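Undergrad: My numbering applies: residue 4 is where the sequence shown begins, and numbers increase by one. In this text, a Cβ means the ideal position worked out from N, Cα and C, and glycines have one as well. Please read these numbers as outputs of a predicted model, since none were measured by experiment.
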Amino acid sequence: MKNLANLRHNLACIMLFIFGLTINSCTSDDEDNNVLSAPVINTEDIEIGHDNSHSATPGTELHLDVEIEAEGKISTIAIELHKEDGYGEEYEYEWTEFEGLLNLDFHEHYEIPASATIGEYHFHFVVTDMEGSQTSYEADFNLVNGPVIVATVIGENNSHTGTPGEELHMDVEIEAQGGISTIEIELHKEDGSDEEYEYEWTYSGETALDFHEHYEIPANASTGEYHFHFVVTDLLGNQTSYDAEFEIEN
4 MKNLANLRHN LACIMLFIFG LTINSCTSDD EDNNVLSAPV INTEDIEIGH DNSHSATPGT
64 ELHLDVEIEA EGKISTIAIE LHKEDGYGEE YEYEWTEFEG LLNLDFHEHY EIPASATIGE
124 YHFHFVVTDM EGSQTSYEAD FNLVNGPVIV ATVIGENNSH TGTPGEELHM DVEIEAQGGI
184 STIEIELHKE DGSDEEYEYE WTYSGETALD FHEHYEIPAN ASTGEYHFHF VVTDLLGNQT
244 SYDAEFEIEN
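1. Taking C-alpha atoms, which residue in Asp246, Thr79, Gly182 lies nearest to Ser139?
2. Determine the closest residue to Ile220 out of Gly240, Glu189, Asp197, with distance taken between C-alpha atoms.
3. Can you give the Cα-Cα distance for Glu193 and Tyr113, rounded to whole angstroms?
4. Whose C-beta lies closer than 6 angstroms to the C-beta of Val38 among residues of the same chain, with five residues either side of it excluded?
5. On the DSSP letters alone, give me the boundaries of the beta strand (DSSP E) that Ala154 sits inside.
6. At the level of alpha carbons, what is the spacing between Glu250 and Glu159?
7. Looking only at its own chain, which residues have a Cβ that is under 8 angstroms from the Cβ of Thr164, when we skip the five neighbours before and after it?
8. When the Cα of Glu228 is compared with those of Ser196, Glu216, Thr243, which residue comes out closest?
9. Based on the DSSP secondary-structure assignment, which residues constitute the bridge partners of Gly122?
10. For Gln137, which residues does DSSP report across the bridge?
11. Could you round the C-beta distance between Glu95 and Glu83 to whole angstroms and report it? I think they count as a contact, below 8 angstroms.
12. Mind reading off the beta-carbon distance from Phe144 to Tyr124? Whole number of angstroms is fine, and I expect it under 8 angstroms.
13. Which residue marks the beginning of the beta strand (DSSP E) containing Ser78, and which one marks its end?
14. Count the other CB atoms within 10 Å of the CB of Thr46; is the residue buried (16 or more) or exposed (fewer)?
15. Looking only at its chain, what residues have a beta carbon closer than 7 angstroms to the beta carbon of Gly147, apart from the 5 residues adjacent to it on each side?
16. Considering just the uninterrupted stretch of the beta strand (DSSP E) at Leu190, what are its terminal residues?
17. Would DSSP call Asn37 helix, strand or coil?
18. Could you tell me if Ser225 is buried or exposed, where buried requires 16 or more neighbouring beta carbons within 10 angstroms of its beta carbon?
19. Hey, out of Ala142, Asn106, Asn55, Ile51, whose CA is closest to Glu87's CA?
20. Closest to Ile152 by C-alpha separation, out of Leu171, Asp246, Tyr90, Gly52, would be which residue?
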């Protein structure tokens, strides 16, 4: 009887041991399954500079358009520009207002200091989630002596609005040491549709210009929120863009 009791006791201990291993294994599996992926930066459609030129002019705004997915929810988004020659010139900026978002079409502008020197830089775009995971996109970048847009008036009284079938008034002061080659405007719908309108003016190397023109908005243009781009290209191929929100209304 004593041997039988010992056998039962041993069997019970073995079963408890196996049960404990099973519980630990399941807990471990659950913990592994709860690990969130690091943020994802869509590098296929990224835009660093107008038309993804990877360039900008000191004293102007750097256009940024990046699609982000973050299972761990966005905490911060930061950019960094540092000189390639290793002499320490560096510029940084961080956005915190997108905290808690899972998905984001990041469309922002960073004003490059007018004192920044021309030359080759390295660009970093870093997304940190609320779990502390980071994903970065890095690229070569150039600061160029391109055109400078001094002042802008878009729409009557700078209203940034227009009406289908009517003219959009524009008054823009431009300086361009490299001589102006073209000026282009672009209007595209904010809702992700393909609705887009463009127009281009050609010039002959003017280094200073008070651009005063009118563009007739197509009569069939739908009302709603658009994004407006005003792009100046010089004879050397350097571009500077002015970007703004715009609304077509009845």
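TA: Judging by the given coordinates:
1. When each option's Cα is compared against that of Ser139, the closest is Thr79.
2. Nearest C-alpha to Ile220: Glu189.
3. Cα-Cα distance, rounded: 20 angstroms.
4. The beta carbon of Val38 is closer than 6 angstroms to none in its chain, skipping five residues each way along the sequence.
5. For Ala154, the uninterrupted beta strand (DSSP E) segment begins and ends at 151-157.
6. Whole-angstrom Cα-Cα distance: 13 angstroms.
7. Contacts found: Gly158, Phe249, Glu250, Ile251, Glu252.
8. Distance from the Cα of Glu228 is smallest, within the candidate group Ser196, Glu216, Thr243, for Ser196.
9. Paired residues: Leu146.
10. Looking at the DSSP output, Gln137 shares a beta bridge with Thr131.
11. Contact annotation, Glu95 with Glu83: C-beta distance approximately 5 angstroms; criterion of less than 8 angstroms satisfied.
12. Their Cβ separation, rounded to whole angstroms, is 5 angstroms, which keeps Phe144 and Tyr124 in contact under 8 angstroms.
13. Start and end: 77-86.
14. Within a 10 Å sphere around the beta-carbon of Thr46 sit fewer than 16 other beta-carbons, which makes this residue exposed.
15. The residue you asked about is not Gly; residue 147 is Val in the sequence shown. Cβ within range, chain order: Ser58, Thr60, Ile121, Asn241.
16. Element bounds for Leu190: 183-192.
17. Here Asn37 sits in coil by DSSP.
18. By the neighbour-count rule (16 or more Cβ atoms within 10 Å), Ser225 is not buried but exposed.
19. Taking only the C-alpha atoms, the option nearest Glu87 is Ala142.
20. That would be Asp246, whose Cα lies nearest to the Cα of Ile152.
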